[in-house]
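Asker: Keeping their order, the protein sequence lines are chains A and B. Letter by letter, the first sequence follows residues 0 to 179 of numbering that gives the first Met the number 0. Letter by letter, the second sequence follows residues 0 to 277 of numbering that gives the first Met the number 0. No residue lacks a Cβ here, since even glycine has one placed at the ideal position from N, Cα and C. Given the structure is predicted, the values throughout are model-derived calculations rather than measurements. Structure in structure tokens, see below.
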Amino acid sequence: MNKKFPIAALLLALPTLAQTDTQWVLSQSTLTYHITHPLHQVDGVSHAARGKGVCRSGECDFLIAVPVKSFESGDTNRDLHMLQVTRGGEFPIVTVRTSLPEAASGSATIHADLEIHFAGQTALYKQVAFQQVTQGSETKITGTIPTTLTDFKIDPPSLLTMPVKNEIPIRVEMTWQKQK
Amino acid sequence: MKQNGAKLAFVAGIFFLCLSLSPRASSQDANATLSGKITDPTGAVVPDAKISVKNVATGQSTESQASLAGLYSVPNLAPGDYEVSVSAEGFATKVTKVTLSVGATQTMNLALQSVLSLGDLGFPVAQTQGSAADQARLDKRSHMLKIHQKLGLIDTFPLVATVITGAGAGGKSTSTNDRYLHAALGSATATLYFASAYYAICAPKIPGTQTRGPIRAHKILAWIHGPGMILTPILGAMAFDQKSKGERVHGIARAHGPVAIVTASAYGAAILAVTFKW
């Protein structure tokens, strides 16, 4: 009887445990876009992203958002021009949504399907690889999203009639905190 | 009376026999019905949810919509495996599978999960909502600055030509033609310059923007070449007048050359400061 009680209690508790929500909160982030022009290279950096993840029944939904105008490339004129070409006045926030199995938090590499809403367009990026390192309740994630201007119907900015390259990869470095 | 009852029973028997043999009736009996209630995580009903029931074998979908009470019913489904997709605004689309057996009336209640929103991330509403007016201001700014840039670059040609012809127009030279050419080029330079400056000065300002990077040097240099572009033609006109009277350039008009050189240098530096930026 004594041996059976803990097992029965565990079995009864399992559904409750499975339904418990786990939350992830983005505590630090560095997002860097890279633009290549025949004459020069530009990096625009933002630390203003906010994010949250909610896990239910073994599946985690994440939402990450960053204001377009928070990206700084070291030149106000260029940043405002980027804001204009990416229609940041009308669509001021970039959002990224993804769902991952809760079990993925144990892997060194995760592959996520990303739904990115930017410049009034939505693009899907399948199986984007991210490296993750977990220390305690903190998980650091790094990776590069292979975004392009055409994915979001953005006219490439040009200098001296030479347009920038279509590829604008975004380097992602994020630290997530797990909360129960 | 007894005969009438027998007739009635016979007719009724025939009627029910026909009814039971009717192919439509038998098909309807064989078909299943899927129904249930759509709720949110708190158990409250979700009205007007869209339900799509897809037959896995045939790929055929049947659409339905939940009532205001969150109730739905999808009748006439052939027995088989189905993929049920439920969507509603503000909730994550829920997809689940169900197997319907012959003639079954199956109840499947579904709880939708809320979708994370920008409000959950703590963004103020004002920061998340853009406007066409904001975008129009940015578009106008970029458009005007592009014209400013083009006119500014075009202006370098008459500017350089003015500086070169200045050597023949001033000093000990007495050539009237050189003076006129120099004055004409100077006028063209000033006209283009002020047209270019108009587009930079009148381009809409974007509130909350701090000036950083090379554009800062570009703007500071404008405080040198701007007054210089006003002063140079005035001093030039004075020098022109003195030379035309056969006098040597004297007084404040002697500053025409040095002011012009400083102005042209500041102008060139301002262009170089932003040349490699778009």
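1) Under DSSP, the alpha helix (DSSP H) around residue 298 of chain B begins and ends at which residues?
2) Please tell me whether residue 51 of chain A and residue 38 of chain A are closer than 7 Å, where the distance is taken between their beta carbons.
3) So which of A:78, A:24, A:104 has the shortest CA-CA distance to residue 129 of chain A?
4) Going straight from the alpha carbon of residue 91 of chain A to that of residue 140 of chain B, what length do you get?
5) Please list the residues of the stretch 114-127 of chain B that have a C-beta atom closer than 9 Å to any C-beta atom in chain A, keeping them in chain order.
6) Of all the CB atoms in chain B, is at least one closer than 7 Å to the CB of residue 164 of chain A?
7) Within the 7 Å Cβ cut-off, does residue 70 of chain A reach chain B?
8) Can you tell me which of the three DSSP states residue 88 of chain B falls into?
9) To the nearest whole angstrom, what separates the beta carbons of residue 20 of chain A and residue 55 of chain A, a pair I think is in contact under 8 Å?
10) Closest to residue 36 of chain B by CA distance: which of B:62, B:56, B:85 is it?
11) Within the 7 Å Cβ cut-off, does residue 266 of chain B reach chain A?
12) Along the chain, where does the beta strand (DSSP E) containing residue 52 of chain A start, and where does it finish?
13) Does the stretch 85-95 of chain B come close enough to the stretch 42-59 of chain B that 3 or more CB-CB pairs lie under 8 Å?
14) The beta strand (DSSP E) with residue 149 of chain A in it runs from where to where?
15) Residue 109 of chain B touches chain A at which residues, Cβ-Cβ below 9 Å?
16) List, in order along the chain, the chain A residues whose C-beta lies closer than 9 Å to that of residue 85 of chain B?
17) Let me know if residue 179 of chain A comes out buried or exposed under the rule of 16 or more other beta-carbons within 10 Å of its beta-carbon.
18) I'd like to check one pair, residue 167 of chain A with residue 131 of chain A: are the Cβ atoms closer than 7 Å?
19) What is the rounded straight-line gap between the Cα of residue 84 of chain A and the Cα of residue 127 of chain B?
20) Nearest chain B C-beta to residue 264 of chain A closer than 7 Å, yes or no?
21) Terminal residues of the continuous beta strand (DSSP E) containing residue 76 of chain B?
22) Run through the stretch 103-149 of chain A for me and flag every whole alpha helix (DSSP H) of 4 or more residues, listed as ranges in chain order.
23) How big is the Cα-Cα spacing for residue 151 of chain B and residue 93 of chain A?
24) Which same chain residues, not among the five before or five after residue 121 of chain B, have their C-beta less than 8 Å away from its C-beta?
25) Please list the residues of the stretch 70-99 of chain B that have a C-beta atom closer than 9 Å to any C-beta atom in chain A, keeping them in chain order.
26) Round the Cβ separation of residue 165 of chain A and residue 147 of chain A to the nearest angstrom and send it over; I've been treating them as touching at under 8 Å.
27) Buried or exposed: residue 209 of chain B, going by 16 or more other Cβ atoms within 10 Å of its Cβ?
28) Once the 5 residues before and after residue 160 of chain A are set aside, which same chain residues still bring their CB inside 6 Å of it?
29) Using only the alpha-carbon positions, how far apart do residue 175 of chain A and residue 117 of chain B sit?
30) Considering only DSSP beta bridges, list what residue 170 of chain A is partnered with.
31) Drop a sphere of 10 angstroms on the beta-carbon of residue 26 of chain B, count the other beta-carbons inside from all chains shown, and report buried for 16 or more, exposed for fewer.
32) Mapping DSSP to helix, strand and coil, what is residue 95 of chain B?
33) Let's test the definition: count the other Cβ atoms within 10 Å of the Cβ of residue 36 of chain A and tell me whether it reaches 16, buried, or not, exposed.
34) Between residue 41 of chain A and residue 34 of chain A, how many whole angstroms is the CB-CB distance? I'm expecting something under 8 Å.
35) Can you tell me the Cα-Cα spacing of residue 269 of chain B and residue 123 of chain A, whole angstroms?
36) In the DSSP assignment, find the alpha helix (DSSP H) that holds residue 152 of chain B and state where it starts and stops.
Answerer: Based on what the coordinates show:
1) Nothing about residue 298 of chain B can be read from this structure; chain B reaches only from 0 to 277.
2) Numbered from its first residue, the first sequence carries residue 51 of chain A at position 52. Numbered from its first residue, the first sequence carries residue 38 of chain A at position 39. Cβ distance not < 7 Å, so residue 51 of chain A and residue 38 of chain A don't count as in contact.
3) Here the question's residue 129 of chain A lines up with position 130 in the first sequence. Of the residues A:78, A:24, A:104, the one whose Cα lies closest to the Cα of residue 129 of chain A is A:104.
4) The residue given as residue 91 of chain A occupies position 92 in the first sequence. The residue given as residue 140 of chain B occupies position 141 in the second sequence. Taking the straight line from one Cα to the other gives about 17 Å.
5) Only those residues of the stretch 114-127 of chain B whose C-beta falls short of 9 Å from the nearest C-beta of chain A are listed: 114, 115, 116, 117, 119, 120, 121, 122, 126, 127.
6) Start at 1 with the first residue of the first sequence, and residue 164 of chain A comes out as number 165. For residue 164 of chain A, the closest Cβ of chain B is not nearer than 7 Å.
7) As a position in the first sequence, residue 70 of chain A is number 71, starting the count at 1. False, the Cβ-Cβ gap to chain B never drops below 7 Å.
8) To locate residue 88 of chain B, count along the second sequence from 1; it is residue 89. Collapsing the DSSP output to three states places residue 88 of chain B in coil.
9) Counting from one through the first sequence, the residue named residue 20 of chain A turns up at place 21. Counting from one through the first sequence, the residue named residue 55 of chain A turns up at place 56. That belief holds up - the Cβ atoms of residue 20 of chain A and residue 55 of chain A are roughly 6 Å apart, short of 8 Å.
10) As a first step, residue 36 of chain B is located in the second sequence; it is residue number 37 there, counting from the start. Minimum Cα distance to residue 36 of chain B is reached at B:85.
11) Mapped onto the second sequence, residue 266 of chain B falls at position 267. No, residue 266 of chain B lies away from the interface with chain A (no Cβ there is under 7 Å from its Cβ).
12) Indexing the first sequence from 1 puts residue 52 of chain A at position 53. Where residue 52 of chain A is concerned, the enclosing beta strand (DSSP E) stretches over 49-55.
13) Three or more beta-carbon pairs separated by less than 8 Å link the stretch 42-59 of chain B to the stretch 85-95 of chain B, which places the two stretches in contact.
14) As a position in the first sequence, residue 149 of chain A is number 150, starting the count at 1. It is not in any beta strand (DSSP E) - residue 149 of chain A carries neither H nor E in the DSSP assignment.
15) Sequence index remark: in the second sequence, residue 109 of chain B carries index 110 (1-based). Within chain A, no residue comes near residue 109 of chain B; the closest Cβ sits about 13 Å away, beyond 9 Å.
16) Counting from one through the second sequence, the residue named residue 85 of chain B turns up at place 86. The contacting residues do not exist; residue 85 of chain B stays about 15 Å from chain A at best.
17) Translated into positions along the first sequence, residue 179 of chain A becomes position 180. Looking at its Cβ environment, which holds fewer than 16 other Cβ atoms inside 10 Å, residue 179 of chain A is exposed.
18) On the first sequence, residue 131 of chain A is found 132 positions in, with the first residue counted as 1. On the first sequence, residue 167 of chain A is found 168 positions in, with the first residue counted as 1. In this structure, residue 131 of chain A lies away from residue 167 of chain A, with their beta-carbon atoms at least 7 Å apart.
19) To locate residue 84 of chain A, count along the first sequence from 1; it is residue 85. To locate residue 127 of chain B, count along the second sequence from 1; it is residue 128. Distance between the alpha carbons of residue 84 of chain A and residue 127 of chain B is about 18 Å.
20) In the structure displayed, chain A extends from 0 to 179; residue 264 of chain A sits before or after that span and is not available.
21) One-based indexing of the second sequence puts residue 76 of chain B at position 77. Run containing residue 76 of chain B: 70-76, per the beta strand (DSSP E) assignment.
22) Qualifying alpha helix (DSSP H) stretches: none in this window.
23) Locating residue 151 of chain B in the second sequence gives position 152, counting from the first residue. Locating residue 93 of chain A in the first sequence gives position 94, counting from the first residue. Approximately 35 Å between the Cα atoms of the pair.
24) Numbered from 1 along the second sequence, position 122 holds the residue referred to as residue 121 of chain B. Contacts found: none.
25) Listed in sequence order: 91.
26) Locating residue 165 of chain A in the first sequence gives position 166, counting from the first residue. Locating residue 147 of chain A in the first sequence gives position 148, counting from the first residue. About 5 Å; that satisfies the 8 Å criterion.
27) In the second sequence, the residue the question calls residue 209 of chain B occupies position 210. Of the residues assessed, residue 209 of chain B falls on the exposed side of the cut-off, its CB having fewer than 16 other CB atoms within 10 angstroms.
28) As a position in the first sequence, residue 160 of chain A is number 161, starting the count at 1. In its own chain, leaving out the 5 sequence neighbours on each side, no residue places its CB closer than 6 Å to the CB of residue 160 of chain A.
29) Walking along the first sequence from the start, residue 175 of chain A turns up at place 176. Walking along the second sequence from the start, residue 117 of chain B turns up at place 118. Per the coordinates, the alpha-carbon of residue 175 of chain A lies some 17 Å from the alpha-carbon of residue 117 of chain B.
30) As a first step, residue 170 of chain A must be located in the first sequence, where it is residue number 171. Residue pairing by DSSP places residue 170 of chain A opposite A:31, A:143 in a beta bridge.
31) In the second sequence, residue 26 of chain B corresponds to position 27, counting from 1. With a pLDDT of 49 at residue 26 of chain B, under the threshold of 50, the predicted position of this residue should be treated as unreliable, and no value is reported.
32) Here residue 95 of chain B corresponds to residue number 96 of the second sequence, with the count starting at 1. It is a strand residue.
33) For this step, residue 36 of chain A is matched to residue 37 along the first sequence. Answer is buried; the Cβ neighbour count reaches 16.
34) Here residue 41 of chain A refers to the residue found at position 42 of the first sequence. Here residue 34 of chain A refers to the residue found at position 35 of the first sequence. 4 Å between Cβ atoms; contact.
35) Here residue 269 of chain B refers to the residue found at position 270 of the second sequence. Here residue 123 of chain A refers to the residue found at position 124 of the first sequence. Taking C-alpha positions only, residue 269 of chain B is separated from residue 123 of chain A by approximately 43 Å.
36) Locating residue 152 of chain B in the second sequence gives position 153, where the first residue counts as 1. It spans 131-168 - the alpha helix (DSSP H) in which residue 152 of chain B sits, taken as one unbroken run.
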